[in-house]
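Position 44, counted from 1, in the sequence shown is what the working numbering calls 487; the numbers after and before it change by one each time, with no gaps. Below is one structure; the comments refer to it alone.
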Amino acid sequence: MLTDIEALLRKRGVSLVLAGRKRQLISWFEQTDMVVGDEGIIIRSDLYLALKLHQSHLAATAESTESNDSADDKQSILIHSQI
Numbered sequence: 444m445l446t447d448i449e450a451l452l453r454k455r456g457v458s459l460v461l462a463g464r465k466r467q468l469i470s471w472f473e474q475t476d477m478v479v480g481d482e483g484i485i486i487r488s489d490l491y492l493a494l495k496l497h498q499s500h501l502a503a504t505a506e507s508t509e510s511n512d513s514a515d516d517k518q519s520i521l522i523h524s525q526i
């Protein structure tokens, strides 16, 4: 049932992150042959860590898009100056 939910979320571009009782969850997932990690359900040791990692991921994504936008702006300025 959890794998079905995770698969539906993946199709929508959403990652499932579970926080707490990491050792027990990993043990249970191994027994049920569920995928854990970047390819499957992400497990964090506690909610605080899960939130901090999510925030840092959002910040890195925002920086990446900003640098791409500035590169696009420079490219468009270059193109306009050549015309």
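For glycine and all other residues, C-beta sits at the position ideal for the given N, C-alpha and C.
| Check | Outcome |
| --- | --- |
| Helix, strand or coil at D461 according to DSSP, with G and I counted as helix | Sequence inspection shows Leu at residue 461; the Asp mentioned does not correspond to that position. Here L461 sits in strand by DSSP. |
| E482, buried or exposed, once every other Cβ within 10 Å from all chains shown has been counted against 16 | exposed |
| E473 burial status per 10 Å Cβ neighbour count (16 or more: buried) | exposed |
| Cβ-Cβ distance between V479 and I486 below 7 Å | yes |
| A493 vs V460 beta-carbon contact at 7 Å | yes |
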